[in-house]
Amino acid sequence: MAFRDDIRRTRAIVWKDLTTERRSKAGFSAVAALGVTILVLFGLALGPDGKALQNAAAGALWLAILFASVLAFNRSYQVELDGGALEALLLYPGSRWAIFAGKLIANLIFVMAMLVIVVTVGIVLFDVRIPAQWPSIVGIMMLGVVGIVALGTFYAAMSSRSRAREVLLPLLLYPMLIPVLLASMEATKAFLFGDLLSASGAWVQMLSLFDVIFLVATFLAFEYVIEV
Amino acid sequence: MAFRDDIRRTRAIVWKDLTTERRSKAGFSAVAALGVTILVLFGLALGPDGKALQNAAAGALWLAILFASVLAFNRSYQVELDGGALEALLLYPGSRWAIFAGKLIANLIFVMAMLVIVVTVGIVLFDVRIPAQWPSIVGIMMLGVVGIVALGTFYAAMSSRSRAREVLLPLLLYPMLIPVLLASMEATKAFLFGDLLSASGAWVQMLSLFDVIFLVATFLAFEYVIEV
Amino acid sequence: MSPAPANAFGPPKPLHAAFGWITLLFFVFTQAYAVATSPADALMGHLQKIMYVHVPSAWVEFAAFGVVLLSSLYFLWKEDERADLLAAASAEVGSVFCGLTLVQGMIWGRPTWGVWWTWDARLTSTLVLFLIFVGYLALRSFVEDPHRRGQWSAAVGIIGAINVPIVWMSVKWWRTMHQIQSNPRSLSPEYLRGLLLNLAAFTLITAWFIWRRYEAARYERAAEHVSQAAALGGYDG
Amino acid sequence: MALDARGVARRFGARWVLRGINLQVRAGEMVGLLGHNGCGKSTFMRIVATLLKASAGDCFVYGSNVKTEGDDVRHHVGFFSHVPGLYDDLTARENLAFAATMLGFPSADIDAALERVGLTHVTHERVRGFSAGMQRRLSLARLILQRPRLLLLDEPYNNLDVAGIALMNGFIRELNAAGGAAVVVLHDLVPAEGVIDRTVTIREGRVHVPTVADFTHDGASPEAVTRPAGAAGVS
Amino acid sequence: MALDARGVARRFGARWVLRGINLQVRAGEMVGLLGHNGCGKSTFMRIVATLLKASAGDCFVYGSNVKTEGDDVRHHVGFFSHVPGLYDDLTARENLAFAATMLGFPSADIDAALERVGLTHVTHERVRGFSAGMQRRLSLARLILQRPRLLLLDEPYNNLDVAGIALMNGFIRELNAAGGAAVVVLHDLVPAEGVIDRTVTIREGRVHVPTVADFTHDGASPEAVTRPAGAAGVS
Ligand code: HEM
Ligand SMILES: Nc1ncnc2c1ncn2[C@@H]1O[C@H](COP(=O)(O)OP(=O)(O)OP(=O)(O)O)[C@@H](O)[C@H]1O
Ligand SMILES: Nc1ncnc2c1ncn2[C@@H]1O[C@H](COP(=O)(O)OP(=O)(O)OP(=O)(O)O)[C@@H](O)[C@H]1O
Ligand SMILES: [Mg+2]
Ligand SMILES: [Mg+2]
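Protein chains in written order, with our numbering: chain A, 1 to 228; chain B, 1 to 228; chain C, 1 to 237; chain D, 1 to 235; chain E, 1 to 235.
Below, the structure is given as structure tokens:
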């Protein structure tokens with residue numbers, strides 16, 4: 001019974017977050033456009049050399065996704081802060097994990113949708129040849145996004161309520177995500193360039209391990225972080 | 001008389017912005033640390049190949065500075081939004097340009113200080129060999145920073161009052177800054193690799209031109225952006 | 001909240017000061033001993049002597065972050081604010097030694113590898129660990145409410161400590177330029193003795209630093225507890 | 001006992017704002033909380049509502065400890081604070097629907113609540129453009145959905161027009177009739193006439209027991225002036 | 001003429017909130033502005049203060065057009081709004097010092113203003129932790145530094161305790177004695193007794209001229225209920 005209520009709460013939060021996002025007109029398209037812009041900036045920074053670009057494609061893609069999704073995480077709590085909505089949210093009865101789950105799922109949907117756009121543009125911009133194993137790459141992307149979103153949603157809950165929130169979130173998040181990013185980049189590269197299939201296996205394992213650790217740790221720790 | 005008052009207002013705003021920044025204790029060091037973190041991310045994304053890294057060094061440095069300073073711009077107006085301080089600011093008599101000049105100078109000081117740290121770390125991380133003409137490079141950095149800060153301060157004034165502000169600022173700013181970034185990167189590269197001295201001259205000219213255009217345009221347009 | 005012990009105030013007790021001085025003397029001795037007794041290395045010559053500060057710094061840095069992990073867990077479990085203060089003190093000291101490891105490594109790397117820095121797994125993971133704890137310290141300074149600060153930084157500290165084993169194992173998991181761990185058997189005894197002695201000295205120094213930082217924080221808290229007694233003393237239930 | 005605060009104390013930094021509040025509110029009792037600006041009224045309310053932790057002392061709401069049994073307490077408590085706590089980009093109706101689900105009453109009658117607070121004409125408008133008083137009314141509608149057993153109202157009459165004050169008082173009386181209790185922070189007893197049973201004043205971090213001196217001095221110091229607490233109380 | 005509003009209208013989207021406000025306030029006159037929640041009082045005040053542009057109509061403050069001569073208007077106008085407009089990370093004193101410079105009075109006596117509003121004990125504390133009422137008092141201190149010739153007060157008594165209300169009224173009377181004018185948004189005339197010369201009610205976007213019907217109906221619909229406007233007015 002209480003559990004059913006909590007599931008209902010999770011659903012309500014997902015719905016609320018996505019609706020707000022949709023309402024703030026340019027919300028989603030702006031973040032996606034920003035991801036693309038960052039890709040373009042990387043392209044310029046790397047110079048016109050085609051080979052160098054292709055080599056850096058996986059890295060640039062993941063970084064663009066990371067930078068753009070941090071904005072999404074920040075927004076997802078900014079909404080709560082305007083007009084003291086967070087206070088009201090904390091006053092509702094029910095388990096705290098329902099709040100975290102709701103925010104996590106909403107962010108996951110948001111980032112996945114953005115990823116589709118950014119990756120499509122990236123493939124064109126960096127002239128990436130799609131290999132036969134593209135379904136594996138999609139799988140890796142999912143794994144990478146779960147890690148990024150879990151930790152990002154968690155840290156945003158803290159940083160958004162401290163001073164200096166825009167700075168604190170990336171400062172906490174980026175270094176912690178480096179293993180996840182590295183694993184995602186390397187696994188993507190391994191598949192892209194067709195070779196080293198065995199090596200990519202190790203990276204995928206590492207990625208899955210981190211996802212599990214992050215999900216468990218954040219779900220357990222969220223209660224402490226949101227209280228008070 | 002009125003002009004002296006406006007100068008005094010500018011000074012007051014610079015002082016206020018820097019004090020707030022200093023008060024939020026680790027504000028500056030956090031932004032600087034973030035700049036370093038972004039450099040590390042670039043290093044990882046580009047892979048361990050020393051030559052590729054050296055080639056991309058100029059680009060990575062400028063992008064790290066750009067990404068970190070956008071946070072500073074956003075913060076500089078976030079302070080005004082909390083508790084409706086912007087409303088009070090707009091109610092003070094006196095010229096609007098005094099407000100812009102104050103914010104601009106404060107941001108300039110902030111970004112310059114951060115640049116020193118990020119560039120120092122970047123030189124070490126990317127194994128950049130410092131050429132004999134390093135004073136010219138310092139000059140180029142100044143020029144580049146002025147362009148970034150002028151436009152950033154201006155757009156932050158607009159985006160801070162829209163919803164979706166964290167997204168809107170980079171989305172407006174990055175594309176507009178591409179000429180400045182490109183010129184800065186190319187001029188830096190030209191000096192770093194010692195050759196193409198003549199080409200760098202053209203880039204420096206372009207950079208100076210953009211700085212002048214941006215400064216004049218933003219000073220003129222600020223009044224319209226900040227009103228209502 | 002435990003009431004302050006009656007003797008919580010005042011200057012460091014003589015015993016504490018003595019411990020500090022003895023530690024310092026011991027450190028000077030172990031350094032001198034190690035430098036004097038070890039022969040020049042076949043490859044690196046006398047450069048090898050950086051090892052006696054570099055390797056112990058790295059080890060005590062791991063130990064300090066380990067203390068952060070344990071005291072953060074204890075804090076979340078028992079809500080004992082002393083655990084939070086200990087975590088903060090260890091994080092500060094650990095970050096300093098992590099920074100030292102980096103700087104010493106770079107000073108060592110310049111002559112041996114020819115570059116200040118290379119994107120090797122050991123080096124990069126150490127830098128990342130350093131940045132993580134810079135973030136941890138930044139978080140602490142951005143949050144004013146002590147309870148909130150304790151809980152938040154405990155969460156960040158625990159998650160951050162995941163990276164210690166990564167740094168440790170990085171040389172095994174990836175092909176690196178950096179030396180992989182040696183064991184007593186692979187290191188000739190002239191080097192080993194100096195290294196172990198210095199390790200002991202560094203451990204003592206670290207313990208001393210953490211203790212001093214912790215004490216300082218405790219004095220502050222104790223002062224607040226006294227003010228609590230003064231503030232609440234008058235009320236009659 | 002609806003609320004039982006025993007020596008609740010709270011400090012910010014080194015300053016002790018509350019130094020041991022003792023306050024017992026029985027079910028069915030309506031208590032006005034008075035005190036000058038900055039004396040700690042909102043701080044106390046936030047502690048009772050589980051939004052802030054006390055530095056010392058214990059506090060119970062219908063027997064549940066606010067420190068350790070927060071979830072139980074939140075089932076009982078309805079808090080009306082200085083800030084409206086609404087989502088600007090949702091409409092009035094959507095805000096209430098969300099609140100209803102979160103409160104565990106997904107099938108509550110939202111339109112009736114909106115009608116009651118006089119916001120039917122803006123049911124489908126976003127809260128962003130609402131005036132101060134309209135936002136307060138919408139927050140009130142949320143409390144109407146919740147029907148809490150312990151009402152915590154922090155200066156509830158702010159921004160409300162005369163009709164809004166009547167609404168608020170009607171709601172308080174209704175909960176009272178159903179056996180609920182309330183703590184209401186006030187600076188002015190006039191609008192709360194007839195809904196408050198007794199008043200309590202916080203001074204220097206403690207519940208102040210008025211003495212003869214309180215009714216004789218001439219109010220020269222701004223801090224010391226408070227309307228005589230008992231004057232308009234009913235009990 | 002301190003304020004001369006001629007047919008000031010404003011719409012948000014397709015909805016006309018103000019439909020032509022005509023209001024003349026002479027120098028030395030104190031006007032109370034009434035009206036139910038959401039009728040457009042704050043909107044009107046923001047237009048006069050140059051924070052919002054009117055969609056139609058003209059408005060003059062001491063002869064300067066608020067639309068085209070904003071800078072002149074801002075020299076005369078002091079606005080006390082729903083939000084405090086302070087910097088959380090500056091201390092009380094620093095906030096006032098900044099305001100003084102921005103107002104063009106860098107040598108104003110800040111400590112005197114702080115003392116007057118009763119915040120001397122927190123002169124060097126940051127505003128972040130101030131209670132609602134303390135923030136309102138600090139905003140009032142800023143007005144005291146400014147001594148504007150046209151005061152615009154939007155529900156000025158909110159959050160203020162009894163001593164604070166006395167402070168506010170003392171300040172208003174002082175400016176009045178110096179020949180200044182004021183427009184004060186109110187829901188309750190009691191605290192403003194003795195400082196308001198006459199009241200004006202906004203209804204359906206226009207200044208409402210009361211008829212006999214206003215004093216006879218029984219107030220069944222929440223929107224229509226307003227305390228009879230003229231009742232407590234002095235003029
Ligand atoms: C910035 C550069 C460097 C960093 C961040 C770094 C980091 C570390 C760390 C964290 C350890 C301790 C972990 C362990 O014992 O496995 C370590 C040990 C060690 N490092 Fe470095 N190091 C750097 C540069 C160097 C250089 C240039 C050399 C010598 C060429 C070097 C030689 C060693 C040796 C010999 C050990 C001890 C390994 C053992 O026997 O267990 N390091 N370093
Ligand atoms: N930015 C805006 N966007 C859309 N509508 C708005 C906006 N600002 C105000 N309104 C609408 O204008 C009307 C008047 O608002 P205003 O804040 O002026 O009311 P008010 O008379 O001050 O009410 P209160 O007594 O509640 O403060 C309201 O119906 C509100 O919905
Ligand atoms: N987060 C905080 N940090 C520091 N001090 C705080 C904080 N919150 C409150 N205070 C201090 O606690 C005291 C009480 O604040 P509180 O908001 O409870 O007062 P209040 O009685 O509600 O006053 P008001 O009538 O003005 O609303 C004030 O002096 C304030 O400075
Ligand atoms: Mg309060
Ligand atoms: Mg209003």
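Heads up, the beta-carbon is just placed ideally off N, CA and C, and yes, glycines get one too.
Identify, in the order they occur along the chain, each residue of the same chain with its Cβ nearer than 8 Å to the Cβ of residue i, setting aside the five sequence neighbours on each side.
i	result
I109 (chain B)	V14, L18
W208 (chain C)	F19, G20, T23
G205 (chain E)	A9, W16, V17, L18, R19, G20, I21, C39, G40
V31 (chain E)	L23, V25, A181, A182, V183, V184, I196, D197, R198, T199, V200
A12 (chain B)	G102
What does residue i touch in chain D if you count any residue whose Cβ is under 8 Å from its own?
i	result
V224 (chain C)	Correcting the residue identity first, residue 224 (chain C) is Glu in this sequence and not Val. R11, A14, listed in chain order.
A236 (chain E)	Shown here, chain E extends from 1 to 235; a query on residue 236 (chain E) therefore has no answer.
Counting only Cβ pairs nearer than 7 Å, list the residues of chain C close to residue i.
i	result
T37 (chain B)	L131
In chain order, what residues of the same chain lie with their CB nearer than 6 Å to the CB of residue i, ignoring the 5 residues before and after it?
i	result
F62 (chain C)	V164
N7 (chain C)	In this prediction, N7 (chain C) has a pLDDT of 44, which is less than 50 and means its spatial position is unreliable; what the coordinates show is noted afterwards. Once the five neighbours on either side are set aside, N7 (chain C) has no close Cβ partner at all.
I130 (chain B)	none
L34 (chain A)	A68
E29 (chain D)	A181, D197
What does a CB cutoff of less than 7 Å around residue i pick up in its chain, not counting 5 residues either side in sequence?
i	result
D6 (chain A)	G94, S95, A98
G38 (chain D)	none
A56 (chain B)	L46
V31 (chain A)	A68, L71, A72, M114
A156 (chain B)	F73, N74, S76, Y77, L169
Since residue i and residue j are thought to touch, with beta carbons under 8 Å apart, how far apart are those beta carbons, to the nearest angstrom?
i	j	result
I137 (chain A)	F191 (chain A)	5 Å
A64 (chain A)	F28 (chain A)	So it is not a contact: roughly 16 Å between Cβ atoms.
L151 (chain D)	L175 (chain D)	6 Å
Y77 (chain B)	S160 (chain B)	4 Å
V235 (chain A)	A68 (chain A)	Shown here, chain A extends from 1 to 228; a query on residue 235 (chain A) therefore has no answer.
I140 (chain B)	T188 (chain B)	6 Å
L171 (chain B)	S162 (chain B)	At roughly 11 Å, the Cβ-Cβ gap does not stay under 8 Å, so L171 (chain B) and S162 (chain B) are not in contact.
Please list, in chain order, the chain A residues whose beta carbon lies closer than 9 Å to that of residue i.
i	result
V67 (chain C)	Going along chain A, no residue has its Cβ under 9 Å from V67 (chain C), so there is no contact; the nearest lies around 19 Å.
Give the interface partners of residue i over in chain E, defined as CB-CB distance under 8 Å, in chain order.
i	result
L160 (chain D)	N37, H187
A192 (chain D)	Near A192 (chain D) there are no residues of chain E at all, since even the closest Cβ is about 12 Å away, more than 8 Å.
For ligand 7, is there a heavy atom less than 6 Å away from the beta-carbon of residue i?
i	result
F142 (chain C)	Absence of ligand 7 is noted for the structure shown, with ligand 1, ligand 2, ligand 3, ligand 4 and ligand 5 being the only ligands found.
Name the chain C residues whose beta carbon is nearer than 8 Å to that of residue i?
i	result
A60 (chain B)	Residues of chain C passing the Cβ test: none, with the nearest at roughly 12 Å.
Give me the chain B residues within the contact set of residue i, using Cβ-Cβ distance strictly less than 8 Å, ordered along the chain.
i	result
R22 (chain A)	Residues of chain B passing the Cβ test: none, with the nearest at roughly 12 Å.
List, in order along the chain, the chain D residues whose C-beta lies closer than 9 Å to that of residue i?
i	result
M1 (chain E)	The contacting residues do not exist; M1 (chain E) stays about 28 Å from chain D at best.
Can you pull the chain D residues whose beta carbon is under 7 Å from the beta carbon of residue i, in chain order?
i	result
H147 (chain C)	K53
Could you tell me which chain A residues have their CB closer than 7 Å to the CB of residue i, listed as they occur along the chain?
i	result
I162 (chain C)	I213
G135 (chain C)	L171, L172, P175
Query raised in the report: Between the segment 136-158 of chain D and chain E, which residues of the former have a C-beta closer than 7 Å to a C-beta of the latter?
Result: Under the 7 Å Cβ criterion, the segment 136-158 of chain D contributes R137, E155, N158.
**Report entry** Contact set between the segment 174-186 of chain A and chain C, restricted to residues whose Cβ is under 7 Å from the partner
**Finding:** Going along the segment 174-186 of chain A in chain order, one finds P175, M176, I178, P179 with a Cβ nearer than 7 Å to chain C.
Query - Short-range partners of chain B found in the segment 67-101 of chain A, where Cβ spacing is below 8 Å - result: If you check each beta-carbon in the segment 67-101 of chain A against every beta-carbon of chain B, the ones closer than 8 Å belong to F67, L71, N74, R75, Q78.
Query raised in the report: Any chance the segment 111-120 of chain E sits against the segment 69-84 of chain E, with 3 or more Cβ pairs inside 8 Å?
Result: The count of Cβ pairs closer than 8 Å, one atom from the segment 111-120 of chain E and one from the segment 69-84 of chain E, stays below three, leaving the stretches out of contact.
Query raised in the report: Given 8 Å as the limit, is there contact between the segment 185-202 of chain C and the segment 25-36 of chain C, that is, 3 or more CB pairs closer than that?
Result: Touching, yes.
Query raised in the report: Listed in chain order, which residues of the segment 28-57 of chain B have Cβ atoms closer than 9 Å to some Cβ of chain A?
Result: Taking 9 Å as the Cβ-Cβ cut-off, the segment 28-57 of chain B approaches chain A at A30, V31, A33, L34, T37, I38, V40, L41, F42, L44, A45, L46, G47, D49, A52, N55, A56, given in chain order.
Query raised in the report: Does the count of Cβ pairs from the segment 48-62 of chain E and the segment 207-226 of chain A closer than 8 Å reach three?
Result: Result no; under three Cβ-Cβ pairs closer than 8 Å.
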